[in-house]
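Residue numbers (our numbering): 38 to 133.
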């Protein structure tokens, strides 16, 4: 079994698979980091109130938006948008 999650995010999946008897190799295929140009994300965060929905596809997306909003001083001003999350871990991160 190959776990392709980024370094630092593979341990939980690896342990769960090993507990089921799998031989697991961690082979990260992506690296999570800040965007080369943060201005599109910053503009989207500034304009969140214009959207009906915000859809998060990963915990990393939640963390990036949260960090951007904090950096811009907008973190406590939650706009009236609906939030959708792909998966329970992403939902937990968004609720936090």
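Even for Gly, the Cβ is constructed at its ideal location relative to N, Cα and C.
Burial check for residue 132: the Cβ neighbour count within 10 Å stays below 16, so the residue is exposed. Taking C-beta atoms as the reference points, residue 50 and residue 44 fail to come closer than 9 Å. When secondary structure is reduced to three states using DSSP, residue 66 falls in the coil class, being assigned neither helix nor strand. Segment contact: the stretch 66-74 against the stretch 83-92, fewer than three CB-CB distances shorter than 8 Å; contact not assigned. Residue 85 and residue 118 do touch by the CB rule: their CB atoms are close to 6 Å apart, below 8 Å. Annotation for residue 97: 69 place their beta carbon closer than 6 Å to its own, counting only its chain and skipping 5 residues before and after. Here residue 47 is actually not in contact with residue 59; their C-beta atoms are around 13 Å apart, not less than 8 Å.
The C-beta separation of residue 130 from residue 99 comes to about 4 Å, placing the pair in contact by the 8 Å criterion. Here the C-alpha atom of residue 124 lies approximately 8 Å from the C-alpha atom of residue 94.
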